[in-house]
Amino acid sequence: MLFSEILRMAFGSLGVNKLRSFLTMSGITIGVFSVIGVMTTVTAMRGSIETGLSILGVNMFQIGKNPTGIQLSGENRRRVEQRRNITLEQAQRYRQLMEGWTDVVCLKVFGRDGPVQVTYANRKTEPGVNFGGTNEHFLVANQYSIEAGRNFTPEDIDLARPFAIIGQDVLRRLFPAESPLGKMIKVGSRTYTVIGTFAAKGSNFGQSQDDIVITPITRFLSDYGAARFSVNIATQAPSQEVYNETVDRAITAMRMVRSLQAEQENDFELYSNDSLIAVFAQVADIVRAGALVISAIALLAASVGITNIMLVSVTERTKEIGIRKSIGARSRSILLQFLIEAVVLSVSGGVVGIAIGVVTGNLLAVWLNAAVVFPWDWAVIGLLTCTVIGVSAGLYPAMKAARLDPIESLRYE
Amino acid sequence: MIAPLPPAAAARSYRTPGNLVIRIEGVTKLYRMGAETVHALRGVNVEIRRNEYLAIMGPSGSGKSTLMNMLGCLDTPTAGRYDFNGKNVAHMVDDELAEIRNREIGFVFQTFNLLPRSDALHNVELPLVYAGVGPAERRERAFEALRNVGLGDRVHHRPNELSGGQRQRVAIARALVNRPSILLADEPTGNLDSRTGEEIMALFEQLYDQGNTIIVVTHEEDIARHARRIVRLRDGLIERDERS
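Top to bottom, those sequences are chains A and B.
The opening residue of the first sequence carries number -19 in my numbering; numbering runs sequentially from there.
The opening residue of the second sequence carries number 501 in my numbering; numbering runs sequentially from there.
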C-alpha cells in the first residue's frame, strides 16, 4: 500500500474533526513555539552583537567597581559589596597615568536616584531620561556624534560648567520648534545650558539611546554628591595590536590609583566587548535552558494529549477499522494509518509552532535592533522531535487499532 | 403497492458449476462465553463450486453467522479443514487471511458498511488501495464497477446522499471491483424495503449470469428462493442441502 495513500487518509480523517485536531495540535505548537521563539531571538541578538555594533566602541574596555556577571556566589557578592567606590580623583589620576599611551579615557557616572524628568519652560520629558556626567570622550567611547552645537571641552570639565548635551528624544520633547542651543533646561532644581545635541542613534536592546542628557562629570558630582557615585572608566587602546598591552597598563595604573599591595586582588572589574558578549552568552544560555525545559514539559503534556485523542479516535472508528479489515486491509496498514495520523498531527503542530516562533522571535529581534534570522538547526531539531513524539504518542493507539478483531469491529455501533 | 414477487423458477438461467472454490470438511467452531462453551459449528461439510448461486439459511443460533465469517476468512475454524481455491486457510495467519479477503472475497453486508465520509468512488476504490493498484487504474476500475451496478451517475455522492438501495449497490460494486472468486452477502436485503430488496436480488441474478459465484446468507425464504442451491443449518450442523 502506498505511503502517499496513507498520508492522504490521515489528512482526510484529521480534517473530519477540525476543532479536535486543532486543539490537540496546539499543545505541540506551544511547546515548539516557546523554544523556537527564544532560539530565534537569542540567535538574532547574538548575531547582531558579534558582527554588527559593538557594545563598546572599537578597541575599548571599561573599568568599574562591580562586575556585570550574574550568579555570584554569596562570598563573591560580599567581597564586591565591600569595594570602595572609584572616585573622580582616582579616575583622573588613572587618566594621568595613561596619558602618553592613550588620550581617550572617558569617565562617566550615570544613574541618579529615581526617574529623571527634564523640563524647559512649560514642556517636560517623560520620566526616565538617561542622565549622567561624563567628559569630552563620551562621544568616542559610546559612538555618539554631535548634530548641532559642540562637544564638551576639557575646560568645561575642569571648571564644572553647567552645560548639557541632549539626545534627539529630549530635543523633540522640549524644543519642537526652536533651537535648543544656549537654552536653559532643568533637571530637578538644577539648571543646565544646552550647548549641543546628539545625532539620532536609534534603540539598542529595546532602549532608546536618544533619551539622554549628559553634563560634565565634575558638575554632576558636585550637584548630586560625589560620595554616592562610583566612576566608570572607558579606555580606548590606540590600536588593535596594542589592545592587550593597553589592558595590562590599565590594570597596573588602576592598582596604583587604588593603592593596592602586590598581594591584594584587584578591587575593580575590567570588561571588554568580549567579556560583555560572554555575559550575554551566559544570560542567553540560562534563557535557552529555561525555554528548553518549558517546551519539554509542554511537549510531554501534548504527547499525552495526542495519545488520548488517538485512543478516542480508534474507539470511534472501530467500525471503520472493521470495514477496512473485511475488505483486505492488513494489520500493518491499519497500524500505519493511525501512526501516520498521530505524526501528521504532531508535525503540523510543530510546523505552526516554528512559523509562529520564527515570526515572534524576529519581531522581538527587530524591536531590539537585531537582524532577522531563521534558526534552521532548531527548526530541524523541532521537526524531528515532533516526529518522534508523533510516533511514540501514536504507537499504542495504533497497535490497539491494528489488533482489533474484524468480526467484533464490524458489529460495533 | 408492492410488486408481487416473481415466481421463483420463472425464466432463470442455470450455469454449469465449475472448479471447486470452497471445500469445508468437518469444521467445528467453539466459543467460550464466560464459563460456558458454545458449539457454534459441530462438524460442517460443504463444497462450493465456481458459478454457483447458493443460499445459506437457518434460524438465529444455527451457526450461520459463524459459517459466514468462516467462509469470508474473517475467522478460522477450531478444527477441520477449509480449502479455498485449493489452499488450506484454516491455519493461515492474519495477514494471509487479509490477502484472501482482499483478492478472493467480496463482502456485502446487511448494513452496507460504507465509509460515511468517502464518496461512492472512493469507497469502491478501497479494496484496490489495499491491493496496491495504482491511482489511475483504480479509478477506472471503480468507475466501471459502479457503472455495472447502475450507479455511473452517482460516483461522487457520499453514502448519506444515496438511498438504501443505492448504498447497497455501491457496496456490491466495492465487493466486485477486485474480481473476487466469491461474492459473500450477509442478509443483503435486511435493511431494505421489499421492493428495493427485489431490485438488489435482480442485480444478483444479473451478476450470476455474468459469471459470478454468489453466496447469500439469509433467514428469509423469499430471498433464499432466488438461489440455485439452499444449504440449511440447524444447531451447528447442515440439516439439508437442496438444489433446484
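Note that CB positions come from ideal geometry on N, CA and C, so glycine has one too.
It should be emphasised that the depicted structure is a prediction, and the values quoted were computed from it without experimental measurement.
* To do: Count the other CB atoms, across all protein chains shown, that sit within 10 Å of the CB of P559/B; report buried if there are 16 or more and exposed otherwise.
  => exposed
* **8 Å Cβ cutoff, L375/A in contact with chain B** => Cβ-Cβ to chain B under 8 Å: no for L375/A.
* Asked: Is the stretch 369 to 379 of chain A close to the stretch 315 to 324 of chain A, with three or more CB pairs under 8 Å?
  -> Cβ pair count under 8 Å is three or more, so yes.
* Asked: On the three-state DSSP scale, how would you describe R75/A?
  -> In the structure shown, R75/A adopts helical secondary structure according to DSSP, grouped into three states.
* **Exposure of L33/A, with buried meaning 16 or more beta-carbon neighbours within 10 Å** => Residue placement at L33/A is flagged as unreliable, the pLDDT there being 46, under the threshold of 50; the coordinate-derived value follows with that caveat. With fewer than 16 Cβ atoms within 10 Å of its Cβ, L33/A is classed as exposed.
* Thinking C-beta only, is I194/A closer than 8 Å to I266/A? -> no
* Asked: If we cut at 8 Å on Cβ distances, does A378/A have a partner in chain B?
  -> no
* Given N569/B, which residues of its chain have a CB within under 6 Å of its CB, disregarding the five upstream and five downstream residues? -> For N569/B, where only same-chain residues beyond five positions count, the Cβ hits under 6 Å are D575.
* Asked: What whole-angstrom Cβ distance do G108/A and T177/A have, given they're in contact under 8 Å?
  -> Contact flag wrong, Cβ pair sits at about 19 Å.
* To do: For chain A, find out if any of its Cβ atoms is closer than 8 Å to the Cβ of V629/B; answer yes or no.
  => yes
* **Beta-carbon separation (whole angstroms), V84/A vs T215/A, contact threshold 8 Å** => At roughly 7 Å, the Cβ-Cβ gap stays under 8 Å, so V84/A and T215/A are in contact.
* Can you tell which of D247/A, N115/A, V331/A, R75/A has its C-alpha closest to the C-alpha of R58/A? -> Nearest C-alpha to R58/A: D247/A.
* Using Cβ-Cβ distances below 7 Å, what residues of the stretch 634 to 647 of chain B are close to chain A? -> When C-beta distances to chain A are compared with 7 Å, every residue of the stretch 634 to 647 of chain B stays at or above that value.
* Assign K305/A to buried or exposed, taking buried as 16 or more other Cβ atoms, counted over all protein chains shown, within 10 Å of its Cβ. => buried
* Asked: Per DSSP, D686/B is paired with what?
  -> V717/B
* Does the beta carbon of R0/A come closer than 8 Å to any beta carbon on chain B? -> no
* Do you know offhand how far Q51/A's Cα is from V259/A's? -> Model confidence at Q51/A stands at a pLDDT of 48, short of 50, so the residue's coordinates are unreliable; what they give is reported in the following sentence. Each residue's Cα considered, the two are about 11 Å apart.
* Along chain A, in chain order, which residues have C-beta atoms closer than 9 Å to that of D595/B? -> R310, S311, R312
* Do you know offhand how far T689/B's Cα is from A702/B's? -> 11 Å
* To do: At 8 Å on the CB atoms, spell out the chain A contacts of E599/B, in chain order.
  => G308, R310
* **Neighbourhood of G387/A by C-beta distance below 7 Å, restricted to the same chain and skipping five residues each side** => It is Ile, not Gly, that sits at residue 387/A in the sequence shown. Closer than 7 Å at the Cβ level, and outside the excluded window around I387/A, lies no residue.
* Near G302/A, what residues of its chain come up, given a Cβ to Cβ distance below 6 Å and the 5 sequence neighbours on each side ignored? -> P386, S389, L390
* To do: Give a yes or no on whether the C-beta atoms belonging to L363/A and G330/A are separated by under 8 Å.
  => yes
* Backbone CA spacing between R695/B and Y514/B [nearest angstrom] -> Cα to Cα, R695/B sits roughly 24 Å from Y514/B.
* Note down the Cα distance separating T611/B from I8/A, rounded to an integer number of angstroms. => 39 Å
* Alpha carbon to alpha carbon, what distance is there between L707/B and R679/B? -> The alpha-carbon atoms of R679/B and L707/B are separated by roughly 12 Å.
* Asked: So, is the C-beta of N602/B closer than 8 Å to a C-beta in chain A?
  -> yes
* Asked: Looking at the unbroken beta strand (DSSP E) that takes in C86/A, where does it start and where does it end?
  -> 85 to 90
* List the residues of chain B whose Cβ lies closer than 7 Å to the Cβ of V414/A, in chain order. => Residue 414/A lies beyond the stretch modelled for chain A, which goes from -19 to 393, so this question has no answer here.
* Quick one: which unbroken alpha helix (DSSP H) runs of 4-plus residues sit fully inside the stretch 586 to 616 of chain B? Chain order, please. => 594 to 604
* Hey, how far is the Cα of K564/B from the Cα of I556/B? -> 7 Å
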